[in-house]
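Residue numbers (this note's numbering): 11 to 372.
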């Protein structure tokens, strides 16, 4: 059955797109999308919107400087790292990829000797690269040669600033590997975390390394024909046990960001019990998905026609989300990575864990 992309389109005035984050971070606005309507709050209000015994689940991935400039002979080629592969290679997006061929050697500006060999060129404009070093040596060279791959809707004509290096990392950031930030986590501060803890709200982290294609809109007219790139993730036995214990005691699982949602749902069984997870997930959550592991979701405002707007529509209901976004646009909320946030209650009273189920990774 065709799923029209137009159902997830909306008009967003350009002046609603945030170029800089709120300061302090927890001063950002927070739209509470509840079963009884919409409430305009701020992120600092989050402890009052949650209950003692709830458990906050955040993504602790750390953004790497994934934007590189390479040369093949005299040709200058922009490279954006996307995902590492199990065999040690990297999938990357390349501008002017048509100039690249297998066995070409790329040398990177900003580092005197970092190089990579093209393993193959993909049909989608990507390339697979094998760098000349790994692990700590690669991380050091990347810091010298790379820059943050900020989304194109954050205008930086001269490149990312020193402030961006701080602003585009979450307070949870630990495990290096993301190309893009898990943006819902950008709103948290040490003070807010302390207040949540004092309120009796548990906190754990998982890891999902966000790839370059996460925030892209769906191309074409049929959602079911879209494919999303797999992303690497890990959820430890200790984290799984804490989530299951909190839920068994009556607490709610509060997922910070769509990345946390995708990994939690990938790690949950049919009864909603979360299990340890290590590997890749390409879970594409569409309306009709039976949510098993998530009771509340905190997330930013997403692009029209994006897989992320489809995910939040699956969780809270498409018409509710269209109404919430219309309210946010009219009320001056700020959108996208550096923008404001919303706290979503599920469309179904049981946490969204009922109803029709579509295939999870079409």
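The beta-carbon is built from N, C-alpha and C at its ideal position, and this holds for glycine as well.
Since we're looking at a predicted model, the values are computed, not measured.
Q) Which one or two residues does DSSP pair with residue 50 in a beta bridge? A) Counting from one through the chain shown, the residue named residue 50 turns up at place 40. Partner(s): 41.
Q) Residues in its own chain within less than 7 Å of residue 149 by CB, not counting five upstream and five downstream? A) Position 139 of the chain shown, counted from the first residue, corresponds to residue 149. Counting only Cβ-Cβ distances below 7 Å, and skipping sequence neighbours, we find 186.
Q) residue 239: which of 32, 184, 292 sits nearest, CA to CA? A) On the chain shown, residue 239 is found 229 positions in, with the first residue counted as 1. Measuring from the Cα of residue 239, the nearest candidate turns out to be 292.
Q. Quick one: is residue 351 buried, meaning 16 or more other Cβ sit within 10 Å of its Cβ, or exposed?
A. One-based indexing of the chain shown puts residue 351 at position 341. Per the 10 Å Cβ criterion, buried.
Q.
Quick check: what's the CA-CA separation for residue 3 versus residue 129?
A. The requested residue 3 is not part of the displayed model; the chain covers only 11 to 372.
Q. Touch check for the stretch 62-75 and the stretch 252-267: three-plus C-beta pairs under 8 Å?
A. yes
Q. Helix or strand or just coil, what does DSSP make of residue 276?
A. Within the chain shown, the letter at position 266 stands for residue 276. Residue 276 falls in the helix class under three-state DSSP.
Q. Can you give the Cα-Cα distance for residue 281 and residue 89, rounded to whole angstroms?
A. On the chain shown, residue 281 is found 271 positions in, with the first residue counted as 1. On the chain shown, residue 89 is found 79 positions in, with the first residue counted as 1. If you take the alpha carbons of residue 281 and residue 89, they lie about 43 Å apart.
Q: Kindly confirm or deny that the stretch 249-256 and the stretch 93-110 touch, where touching means at least three C-beta pairs closer than 8 Å.
A: no
(Q) For residue 23 and residue 279, I'd like the C-alpha separation in whole angstroms. (A) Walking along the chain shown from the start, residue 23 turns up at place 13. Walking along the chain shown from the start, residue 279 turns up at place 269. One C-alpha to the other measures close to 41 Å.
Q) With 16 as the cutoff for other CB atoms within 10 Å, does residue 361 come out buried or exposed? A) Working through the chain shown from its first residue, we reach residue 361 at position 351. Residue placement at residue 361 cannot be trusted, given a pLDDT of 43 that sits under 50; what the coordinates show is reported in the next sentence. Under this definition residue 361 is a buried residue.
**Q.** Top-ranked residue by Cα proximity to residue 199, from 210, 181, 48
**A.** For this step, residue 199 is matched to residue 189 along the chain shown. Residue 181 is the option with its Cα nearest to residue 199.
Q) Rounded to whole angstroms, how far is the Cβ of residue 276 from the Cβ of residue 287, which I believe are closer than 8 Å? A) Within the chain shown, numbered from 1, the residue matching residue 276 stands at position 266. Within the chain shown, numbered from 1, the residue matching residue 287 stands at position 277. Going by Cβ atoms, the distance from residue 276 to residue 287 rounds to 6 Å, so yes, they are a contact pair.
Q: Have a look at residue 68 and residue 142 and give me their C-alpha separation to the nearest angstrom.
A: Here residue 68 refers to the residue found at position 58 of the chain shown. Here residue 142 refers to the residue found at position 132 of the chain shown. A straight-line Cα-Cα distance of about 33 Å links residue 68 and residue 142.
Q: Take residue 87 as the anchor and find which of 73, 108, 72 has the nearest alpha-carbon.
A: What you label residue 87 is simply residue 77 of the chain shown in a count that begins at 1. Of 73, 108, 72, the residue nearest in Cα terms is 108.
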